[in-house]
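Undergrad:
There are 2 protein chains.
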Amino acid sequence: MKIPQYFKNIASLSAESEKTIITAFKREELSKGHFLFQQEDICRHIYFIEQGFARTYNISDSGREITNWFFPENSFLTAINSFYNSSPARDFCILTEDSIVYSMAYADFKRILDDQPELARFCFAVLFELAKQMTEYINSSKFQTAEDRYLELVKMHPTILQRASLGHIASFLGITQETLSRIRAKK
Amino acid sequence: MKIPQYFKNIASLSAESEKTIITAFKREELSKGHFLFQQEDICRHIYFIEQGFARTYNISDSGREITNWFFPENSFLTAINSFYNSSPARDFCILTEDSIVYSMAYADFKRILDDQPELARFCFAVLFELAKQMTEYINSSKFQTAEDRYLELVKMHPTILQRASLGHIASFLGITQETLSRIRAKK
DNA sequence: TTCATTTTTTGATTTTCGTCAAAAACTAAG
DNA sequence: CTTAGTTTTTGACGAAAATCAAAAAATGAA
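Heads up: the sequence lines are chains A and B, in that order.
Just so you know, we're using the numbering used here here: the first sequence kicks off at -13 and counts up by one.
Just so you know, we're using the numbering used here here: the second sequence kicks off at -13 and counts up by one.
Here is the structure:
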């Protein structure tokens, strides 16, 4: 889905606001393996994945790579706190497929936020979706078995198995890849 | 902290917007045990806890009460999806102390959002804080032991032990109260 | 195709935590 | 103070999942 269409779905903005916002996004074709941002970077863009797949992760104290979130096409993403407060990002964000990505720079974001208060309506809508998803995740993280959580994930995101490795899915769920492998073998 | 002060801290609004928004909040003194909303209700207000303590929870399939979140003073809260989409709430929200609560009705919220797009800036700021907190929670829920998560909670919210029962804290962390009791005994 | 690398699976063992049950400690109302 | 109700603690046991180690399978580049 292209950005303009996506905007119409998420929040009803005036034609003028919509145009201003969309114009500020720059289109890029980026290869698998490209980092949108890395730990300690100040993340200065907000991104929209038109096509492709991204994954955020960080490294635990014990040196293990832990997936935080997956972003398929039609996702907005940024290192939210880093972007908004110009602080160092805590995650890495890597494209795991060749992707078409739109990005808006922080300076433009600020300018539009001042000129067009409607941008806040849009950001609100994006954050709202994020909050809903995180709420789901948190609910399922309490007192559900690893198996239930895995099955739920696959139901919600049937393509995840084709797009992310078992290890990445496991650490997203907060379990080891051995456990996930055994869950899958059971069926 | 009173609402006006809180607003100044969270987002810089014009004097006019701020006044409009603050005026729409109604002050109430409510007793311990009062439900701000219940499961299946359409939650028609957004709340600000000036003084007191609230807890959201729901009932699991196995009939167990699971705490979703705690709200000390200076917290905004609502059944976010219920409020925004007029759908049935999934949680209960109960005051666990006598409290002073400000509430804004949905109709006023909508009206102000149309008249004063700056309200969205404010909502954005509130949601942003929420998203940060949930991110913290999710990070700590992966591959940290129950004990580490408990100690982290106590460090972040030192008064939680005085304000919530062990069972409520345990289910918030996603562990049983027996396990939490043993963690505490170890020290 | 072959070889090297990465990912996934399998096995044995240990640790963590849940479950069930009952006792102890705490709270609040009469 | 007494009693009933609630919350917390303790114990024995079992289930779920982590860890460590190694084999098997899949992937990708030369």
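Using N, Cα and C, we set each Cβ at its ideal position, and we do this for glycine too.
These numbers come from a predicted model, not from an experiment.
Chain A beta carbons: is any one of them nearer than 7 Å to that of isoleucine 7 of chain B?
TA: Locating residue 7 of chain B in the second sequence gives position 21, counting from the first residue. No - not a single Cβ of chain A is within 7 Å of the one on isoleucine 7 of chain B.
Undergrad: Alpha carbon to alpha carbon, how far is isoleucine -11 of chain A from leucine 63 of chain A? Give it in angstroms, no decimals.
TA: In the first sequence, counting from the first residue as 1, residue 63 of chain A sits at position 77. In the first sequence, counting from the first residue as 1, residue -11 of chain A sits at position 3. Taking the straight line from one Cα to the other gives about 13 Å.
Undergrad: At a CB-CB cut-off below 7 Å, which residues of chain B make contact with proline 103 of chain A?
TA: For the purposes of this step, residue 103 of chain A is taken as residue 117 along the first sequence, with counting starting at 1. Per Cβ cutoff of 7 Å: Pro103, Glu104, Ala106, Arg107.
Undergrad: With a threshold of 16 other CB atoms inside 10 Å of the CB of methionine 142 of chain A, please say whether the residue is buried or exposed.
TA: Within the first sequence, residue 142 of chain A is the residue found at index 156, counting from 1. Counting Cβ neighbours within 10 Å, methionine 142 of chain A comes out exposed, since fewer than 16 surround it.
Undergrad: Please list the terminal residues of the continuous alpha helix (DSSP H) segment that includes methionine -13 of chain B.
TA: Taking the second sequence and counting its residues from 1, the one referred to as residue -13 of chain B is at position 1. Note, methionine -13 of chain B: premise wrong, no alpha helix (DSSP H); not H, not E.
Undergrad: Please report the residue range of the beta strand (DSSP E) in which histidine 31 of chain B lies.
TA: Residue 31 of chain B sits at position 45 when you count from the first residue of the second sequence. Unbroken beta strand (DSSP E) run through histidine 31 of chain B: 31 to 37.
Undergrad: In this structure, does DSSP put asparagine 71 of chain B in helix, strand or coil?
TA: If you number the second sequence from 1, residue 71 of chain B lands on position 85. Of the three classes helix, strand and coil, the one that applies to asparagine 71 of chain B here is helix, per DSSP.
Undergrad: Counting beta carbon pairs with one atom in the segment 105 to 125 of chain A and one in the segment 76 to 83 of chain A, are three or more of them shorter than 8 Å?
TA: Touching, no.
Undergrad: What first and last residue would you give for the beta strand (DSSP E) that runs through glutamate 83 of chain A?
TA: As a working mapping, residue 83 of chain A is identified with position 97 in the first sequence. Note, glutamate 83 of chain A: premise wrong, no beta strand (DSSP E); not H, not E.
Undergrad: Is there a Cβ of chain B sitting closer than 7 Å to that of serine 127 of chain A, yes or no?
TA: On the first sequence, residue 127 of chain A is found 141 positions in, with the first residue counted as 1. Closer than 7 Å: yes.
Undergrad: Taking the alpha carbon of alanine 91 of chain B as the reference point, which residue from B/Phe56, B/Ser127, B/Phe34, B/Asp47 has its own alpha carbon closest?
TA: For the purposes of this step, residue 91 of chain B is identified with residue 105 of the second sequence, where counting begins at 1. With distances taken between Cα atoms, alanine 91 of chain B lies closest to B/Phe34.
Undergrad: Could you name the residues of the same chain whose beta carbon sits closer than 7 Å to that of phenylalanine 11 of chain A, not counting the 5 residues immediately before and after it, in chain order?
TA: Taking the first sequence and counting its residues from 1, one reaches residue 11 of chain A at position 25. Once the five neighbours on either side are set aside, the close Cβ partners of phenylalanine 11 of chain A are Ile(-11), Phe34, Tyr88, Ser89, Met90.
Undergrad: Give the C-beta separation of tyrosine 43 of chain A and isoleucine 52 of chain A to the nearest angstrom, bearing in mind that I take them to be a contact with Cβ-Cβ under 8 Å.
TA: The residue given as residue 43 of chain A occupies position 57 in the first sequence. The residue given as residue 52 of chain A occupies position 66 in the first sequence. At roughly 6 Å, the Cβ-Cβ gap stays under 8 Å, so tyrosine 43 of chain A and isoleucine 52 of chain A are in contact.
Undergrad: Would you list, in sequence order, the uninterrupted alpha helix (DSSP H) runs of no fewer than 4 residues that lie entirely inside the segment 136 to 168 of chain B?
TA: Counting whole runs of 4 or more residues, the segment 136 to 168 of chain B contains the alpha helix (DSSP H) stretches 146 to 149, 152 to 159.
Undergrad: With DSSP run on the structure shown, which of helix, strand or coil describes alanine 65 of chain B?
TA: The count along the second sequence starts at 1 and reaches residue 65 of chain B at position 79. Alanine 65 of chain B falls in the coil class under three-state DSSP.
Undergrad: Measuring CB atoms only, is the segment 103 to 117 of chain B touching the segment 105 to 112 of chain A, in the sense that at least three cross pairs come out at less than 8 Å?
TA: Flag = yes, the segment 103 to 117 of chain B and the segment 105 to 112 of chain A touch.
Undergrad: Just checking my contact of threonine 162 of chain A with alanine 156 of chain A at CB under 8 Å: how many whole Å lie between their CB atoms?
TA: Residue 162 of chain A sits at position 176 when you count from the first residue of the first sequence. Residue 156 of chain A sits at position 170 when you count from the first residue of the first sequence. Going by Cβ atoms, the distance from threonine 162 of chain A to alanine 156 of chain A rounds to 6 Å, so yes, they are a contact pair.
Undergrad: Alpha carbon to alpha carbon, how far is phenylalanine 57 of chain A from phenylalanine 23 of chain A?
TA: What you label residue 57 of chain A is simply residue 71 of the first sequence in a count that begins at 1. What you label residue 23 of chain A is simply residue 37 of the first sequence in a count that begins at 1. About 14 Å.
Undergrad: Identify, in the order they occur along the chain, each residue of the same chain with its Cβ nearer than 6 Å to the Cβ of phenylalanine 158 of chain B, setting aside the five sequence neighbours on each side.
TA: Working through the second sequence from its first residue, we reach residue 158 of chain B at position 172. Answer for phenylalanine 158 of chain B: Thr53, listed in chain order.
Undergrad: Rank A/Glu26, A/Arg149, A/Gly160, A/Leu113 by C-alpha distance to the C-alpha of glutamate 133 of chain A and give the top, closest one.
TA: Counted from its first residue, the first sequence places residue 133 of chain A at position 147. Ranking the options by Cα distance to glutamate 133 of chain A, first place goes to A/Gly160.
Undergrad: Can you pull the chain A residues whose beta carbon is under 9 Å from the beta carbon of lysine 141 of chain B, in chain order?
TA: Taking the first residue of the second sequence as position 1, residue 141 of chain B is located at position 155. Ordered by position in chain A, no residue passes the 9 Å Cβ test against lysine 141 of chain B, which lies about 16 Å from the chain.
Undergrad: In this structure, does DSSP put lysine 96 of chain B in helix, strand or coil?
TA: The count along the second sequence starts at 1 and reaches residue 96 of chain B at position 110. Of the three classes helix, strand and coil, the one that applies to lysine 96 of chain B here is helix, per DSSP.
Undergrad: Which residues in the same chain as phenylalanine 21 of chain A place their Cβ atom closer than 6 Å to its Cβ, once the five residues preceding and following it in sequence are excluded?
TA: Start at 1 with the first residue of the first sequence, and residue 21 of chain A comes out as number 35. Around phenylalanine 21 of chain A: Ile80.
Undergrad: Using C-beta distances below 7 Å, list every residue in its chain close to cysteine 29 of chain B, excluding the 5 sequence neighbours before and after it, in chain order.
TA: For the purposes of this step, residue 29 of chain B is taken as the residue at position 43 of the second sequence. Hits under 7 Å: Phe23, Thr64, Ala65, Ser68, Phe69, Ala75.
Undergrad: Of all the options A/Ile(-4), A/Thr6, A/Lys96, which has the alpha carbon lying nearest to the alpha carbon of leucine 113 of chain A?
TA: Reading the first sequence from its first residue, position 127 is the one you call residue 113 of chain A. Leucine 113 of chain A has its Cα closest to that of A/Ile(-4), out of A/Ile(-4), A/Thr6, A/Lys96.
Undergrad: Leaving out five residues before and five after glutamate 2 of chain B in sequence, what residues of the same chain have Cβ atoms less than 8 Å from its Cβ?
TA: Numbered from its first residue, the second sequence carries residue 2 of chain B at position 16. For glutamate 2 of chain B, where only same-chain residues beyond five positions count, the Cβ hits under 8 Å are Gln102.
Undergrad: My output table needs one value for threonine 131 of chain A: the three-state DSSP class, helix, strand or coil.
TA: As a first step, residue 131 of chain A is located in the first sequence; it is residue number 145 there, counting from the start. Coil at threonine 131 of chain A, not helix or strand.
Undergrad: From the beta carbon of alanine -4 of chain A, is the nearest beta carbon of chain B less than 7 Å away?
TA: Within the first sequence, residue -4 of chain A is the residue found at index 10, counting from 1. Here residue -4 of chain A is isoleucine; the residue named in the question, alanine, does not match the sequence. For isoleucine -4 of chain A, the answer is no, since every Cβ of chain B falls outside 7 Å of its Cβ.
Undergrad: Using 7 Å as the limit for Cβ to Cβ distance, is alanine 111 of chain A near chain B?
TA: One-based indexing of the first sequence puts residue 111 of chain A at position 125. Not an interface residue.
Undergrad: May I ask you to list, following chain order, the residues of the segment 62 to 74 of chain A that have a beta carbon less than 8 Å from some beta carbon of chain B?
TA: Per Cβ criterion, the list reads Ile66, Asn67, Tyr70.
Undergrad: Mapping the DSSP letters down to three states, classify asparagine -5 of chain B as helix, strand or coil.
TA: Along the second sequence, one-based indexing puts residue -5 of chain B at 9. Asparagine -5 of chain B: helix per DSSP, three-state reduction.
Undergrad: Tell me, which residues are paired with alanine 91 of chain A by DSSP?
TA: Walking along the first sequence from the start, residue 91 of chain A turns up at place 105. Paired residues: A/His31.
Undergrad: Return helix, strand or coil for asparagine 60 of chain B, following the three-state DSSP convention.
TA: As a position in the second sequence, residue 60 of chain B is number 74, starting the count at 1. In this structure, asparagine 60 of chain B counts as coil in the three-state DSSP scheme.
Undergrad: Please determine, among A/Glu26, A/Ser85, A/Leu(-1), A/Asp47, the residue with the shortest C-alpha to C-alpha distance to lysine 18 of chain A.
TA: In the first sequence, counting from the first residue as 1, residue 18 of chain A sits at position 32. Comparing Cα positions, the closest option is A/Ser85.
Undergrad: For a cutoff of 7 Å on Cβ pairs, would you count alanine 1 of chain B as touching chain A?
TA: By 1-based counting over the second sequence, the position of residue 1 of chain B is 15. Not closer than 7 Å to any Cβ of chain A, the Cβ of alanine 1 of chain B fails to qualify, so no.
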